[in-house]
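Here the sequence shown is numbered in the working numbering, starting from 212 and rising by one per residue.
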Amino acid sequence: MSGQRALRQTGLPPVIAGAAAGAPMDETDPLAQDAPVIGPEEAADLARDLFGVKGRIRPLSAEKDANFHVTLGSGEEALLKVTNAAEPRAVTDMQTAVLIHIAGVAPDLPVPRVHASLSGGASEIITGPDGRPHVVRLLGYLPGAILANATLAPGLRGELGALLARLARAMRGFFHPAAGHVLQWDIKQAHRLRPMLEAVADDALRARLETLLDRFDADIAPRLPGLRAQVVHNDFNPHNLLVDGTRATKVTGVIDFGDMVHTPLACDLAVACSYQLGDGADPLAGVTEMVAGYASVLPLEDEEIALLPDLIRLRHATTLTLGAWRARRYPENADYILRNSEGARRGLGALDQIGDAVTLERLRAAASRPLPE
């Protein structure tokens with residue numbers, strides 16, 4: 212990388228807030244492409260030459276992009292993100308634009324801020340070692356521990372539900388030409404999982420997943436167009452949530468807007484709830500607490516509650532099917548790809564054992580009760 216642009220003398224670049232213009236849309240699936248091949252030294256060059264920052268670089272795990280943690284000499288931290296070349300430029304632009312939008316309309320929400328490049332833009336384009344163009348962004352690095360590695364204090368799942376609803380409320384005024392893109396992690400696209408089922412090695416599990424997809428086609432998909440829908444985060448999972456320590460009492464951040472899409476609000480909530488099914492005496496306790504928190508900010512409609520058990524199962528089906536397919540394609544990254552698969556399998560089993568009648572009764576009660584002070 213060339214060093215033609217001036218190095219900023221101190222601290223991170225300014226944050227961009229407000230509105231951002233859209234980019235044209237195309238259709239390519241980054242989940243079927245290799246992540247960018249960018250090493251720490253190249254990442255350091257990008258941070259310096261494009262954003263005027265210099266610091267210690269540490270690679271981070273990612274599904275489809277190349278991400279790097281940057282620690283400046285001042286102690287400030289940032290995330291340098293090199294996007295998969297297969298991701299449509301408009302989708303990348305949408306992810307950047309929503310962060311800028313949230314910074315303007317709900318600055319109290321703990322989401323990453325977008326830092327300006329030396330040219331004043333929200334991103335820059337480079338040609339990678341593969342000869343393909345990649346979008347490069349510098350985002351604020353939020354403090355905290357990954358929720359997946361933490362023990363949650365009582366009531367924190369209710370706070371998580373309320374935070375998801377606040378995030379949805381901040382995003383409801385946001386739209387972008389790429390919001391309707393086809394994303395396999397979007398529950399309403401569950402019918403697209405069928406060709407991937409052959410990657411699921413367990414015969415019994417594969418048959419169960421096929422049954423879920425049959426129900427989706429016959430009973431669930433026809434009802435989705437009647438639900439409230441908007442652009443949502445769509446990946447409110449414990450690996451994308453930050454808390455104040457390994458014994459968590461407070462949520463400090465929501466990260467990774469890479470799966471955002473225009474879809475029913477109930478699908479967004481189902482994604483979040485799918486990770487709250489427990490293994491103890493009351494597997495639904497975490498789910499009902501989250502639903503109560505969500506409904507305290509955004510009250511749920513009857514049809515949204517009625518579909519929630521099926522939508523949670525379909526999220527598990529997506530995790531298991533897409534995970535198996537991608538792990539076979541990228542065996543060197545299988546541990547990362549499959550990190551949520553065992554939990555998804557347990558979640559399916561828990562819902563099946565409890566049954567929909569009990570689950571719906573609990574969900575309806577949760578959606579109508581106030582959170583404790």
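The beta carbon of each residue, even a glycine, is placed where N, CA and C say it ideally should be.
Residues bridged to residue i [DSSP beta-bridge criterion]
| i | result |
| --- | --- |
| PRO365 | Its beta-bridge partners do not exist; DSSP assigns none. |
| GLY351 | ALA289 |
| VAL462 | VAL454 |
| VAL226 | HIS326 |
| VAL346 | ILE336 |
| ALA356 | VAL454 |
Endpoints, the beta strand (DSSP E) within which residue i is located
| i | result |
| --- | --- |
| GLN441 | 440-443 |
| ILE337 | 335-338 |
| ALA277 | 277-283 |
| HIS473 | 472-475 |
Backbone CA spacing between residue i and residue j [nearest angstrom]
| i | j | result |
| --- | --- | --- |
| ALA576 | ASP341 | 54 Å |
| ALA517 | ILE523 | 11 Å |
| THR598 | LEU562 | Look at the range of the chain in this structure, 212 to 584, and you will see that residue 598 is not part of it. |
| VAL325 | LEU290 | 10 Å |
| ALA528 | VAL264 | 42 Å |
| ALA301 | HIS312 | 16 Å |
| ALA379 | PRO542 | 35 Å |
| ALA535 | ASN544 | 12 Å |
| ILE357 | LEU453 | 5 Å |
| ALA373 | PRO494 | 20 Å |
| ASP425 | LEU320 | 39 Å |
| LEU367 | GLY497 | 9 Å |
| ILE336 | ASP414 | 45 Å |
| ALA558 | PRO406 | Note that residue 558 is Gly in the sequence shown here, rather than Ala. Distance between the alpha carbons of GLY558 and PRO406: 23 Å. |
| ALA381 | ILE565 | 34 Å |
| PRO318 | ARG377 | 12 Å |
| GLY464 | ARG343 | 32 Å |
| PRO323 | TYR352 | 6 Å |
| THR422 | LEU525 | 11 Å |
| GLU409 | VAL482 | 24 Å |
| HIS392 | ALA440 | 14 Å |
Residue range of the unbroken alpha helix (DSSP H) whose run includes residue i
| i | result |
| --- | --- |
| PHE262 | 251-262 |
| VAL316 | 300-316 |
| GLY266 | No alpha helix (DSSP H) holds GLY266; the beta strand (DSSP E) holding it covers 266-271. |
| TRP536 | 513-540 |
| ASP425 | 414-426 |
| THR570 | 567-579 |
| ILE431 | Run containing ILE431: none; DSSP gives neither H nor E here. |
Buried versus exposed call for residue i [16 or more other C-beta atoms within 10 Å across all chains shown]
| i | result |
| --- | --- |
| ASP521 | buried |
| VAL569 | exposed |
| GLN487 | buried |
| SER285 | exposed |
| THR338 | exposed |
| ASP428 | exposed |
| ASP479 | buried |
| ARG348 | buried |
| ARG419 | buried |
| ASP198 | No statement about residue 198 is possible, as the shown extent of the chain runs from 212 to 584 and does not include it. |
| ASN551 | buried |
| GLY491 | exposed |
| ARG580 | exposed |
| THR362 | exposed |
Spatial neighbours of residue i in its chain, beta-carbon cut-off 6 Å, leaving aside the 5 residues before and after
| i | result |
| --- | --- |
| ASN451 | ILE466, ASP467 |
| VAL472 | LEU394, ASP397, ASN445 |
| ALA578 | VAL502, ALA506, LEU511, ILE516 |
| LEU282 | The residue asked about is misnamed: residue 282 is Thr in this sequence, not Leu. GLY266, ARG267, GLU288. |
| THR499 | ARG573, ALA577 |
| MET305 | HIS387, ALA389 |
| THR460 | ALA364 |
Proximal residues to residue i (C-beta, below 8 Å), its chain only, five neighbours per side dropped
| i | result |
| --- | --- |
| GLY332 | none |
| ARG556 | LEU416, HIS527, LEU531 |
| PRO251 | ILE268, ARG269, PRO270, PHE279 |
| ASP430 | ASP521 |
| GLY437 | GLU514 |
| ILE548 | GLU274, GLY534, ARG537, ALA538, TYR541 |
| LYS399 | ALA432, LEU435, THR474, PRO475, CYS478 |
| VAL309 | MET382, PHE385, HIS387, VAL442, PHE468, MET471 |
| PRO224 | PHE262, GLY263, VAL264, HIS326, ALA327, SER328, LEU329, LEU349 |
| ASN360 | THR457 |
7 Å Cβ shell around residue i - same chain, five flanking residues per side excluded
| i | result |
| --- | --- |
| ALA228 | ILE311, ALA314, GLY315 |
| ARG403 | GLN395 |
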